[in-house]
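Basically the numbering used here = 1-based index in the sequence shown + 118.
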Amino acid sequence: MMPTYAQLQAESWWSREILTPELDWLGDELCRRTKRPRGAFGNKGDNNHVRGAHRSQEWILKSRYATSRTYTVQSGLTAVQQRHIAGVDFTPGSTNQMIAQCKRIYAAMRAGQLEDVREFYGNIDGNKVVDGWDNVRNRVASSDSSHLWHWHLTLDRRHCANKHLMERILAIALGDPEEEDVDDATIDKIATRTKTKVMADTGIQQLLARVQQLTANQASLLDAVGRDPTDERAIVDGVLAGLGTRDMDSVAAALRTAFGDRAAELAAKLGAPAS
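Here's what the structure looks like:
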């Protein structure tokens, strides 16, 4: 028989259950961004929920009204984590949104992107069969027909206060771009927007003009001193590699080729005594 609220509230375990601020934030954001009433998100179970993730583990293990002492029970929890409620229910409000959100969550679960979520139930194709995934056993799962119009997550009880997990669930459920693969067309759009913003930024334009001027100044300076913008050591190494074991005539020809009309200047340098 289903317990009454008076019976449940008479036990201390009922009032000791904790909805973490992070999980409450997930509910706020899901409802705000989908323009759903706050009641579309559920966490603490009513008096019909006498087992599972919508109850704290402490309640499951200690309440006289619990119908299962094992389902959703985990080892290694802290005393506070045992008081956390780990169930998430959300009602999207339309068949299209229900299917779209469930598809994304189901795919993410199977792809290993939500390892801190233990169970998912929902409907991914609009039929009369509840779809689900059990991350603990790594297999498909199902549940009662209420999950044809709302989706459910069972969180790992160690992560009910994990804000990053809540952000990831939100992004995946609603299809935020940063959680999805970006195709070439999207990349092109991003690149075009970025280029437009850069070209409109006068500070960046001034910097580019400064760099161009510095490049021109460098070329003028190198021309004034009669040098190419090439590493001198590389020139020497290249010439020597080309000489090999040739005779003096071949060496002279190679040097004339390398130095062009400055060969006479080189000859004078070679004829001068070393300083």
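A virtual CB, placed ideally from N, CA and C, is assigned to each residue, including glycine. Because the structure is a prediction, the values reported are computed rather than measured.
With contact defined as three or more Cβ pairs closer than 8 Å, the stretch 137–155 and the stretch 172–186 are not in contact. Membership of Y224 in the alpha helix (DSSP H) is indicated by the continuous run 213–228. For the 9 Å CB-CB criterion, V206 and L271 form a contact.
Where D252 is concerned, the enclosing beta strand (DSSP E) starts and stops at 249–252. Membership of H202 in any beta strand (DSSP E) is not indicated, and neither H nor E is assigned to it by DSSP. Distance check between H277 and each of R236, S263, M120, G244 places R236 closest, using alpha-carbon atoms only. Between the stretch 253–266 and the stretch 225–240 there are three or more inter-stretch CB-CB distances shorter than 8 Å, so the stretches are counted as touching. Judged by beta-carbon spacing, L273 lies beyond the 9 Å limit of L288, meaning their Cβ atoms are not closer than that value.
When DSSP states are grouped into helix, strand and coil, Y123 belongs to the helix group. In this structure, W131 places its C-beta atom within 9 Å of the C-beta atom of E176. Counting along the chain, L271 sits inside the beta strand (DSSP E) bounded by residues 269–273. Under the three-state reduction of DSSP output, E285 falls in the helix class. For E140, the uninterrupted alpha helix (DSSP H) run begins and ends at 139–152, by DSSP.
Pairing T122 with N165 gives a Cβ-Cβ distance under 9 Å. In the DSSP secondary-structure assignment, I136 is bridged to H202. Between G244 and T196, the C-beta gap is not smaller than 9 Å, which leaves the two residues out of contact.
For R222, the CB contacts under 7 Å within the same chain, skipping 5 residues up- and downstream, are I290, A291, G293 in chain order. In the DSSP assignment, E176 falls outside any beta strand (DSSP E) and within the unbroken alpha helix (DSSP H) covering 175–180.
In the assembly as shown, G230 is an exposed residue. Its beta-carbon has fewer than 16 other beta-carbons within 10 Å.
Counting along the chain, V168 sits inside no beta strand (DSSP E), nor does DSSP assign it H or E at all. Remark: C-beta atoms of K246 and L266 approach each other more closely than 9 Å. Scanning D146, T138, A124 for the CA closest to the CA of R201 turns up T138.
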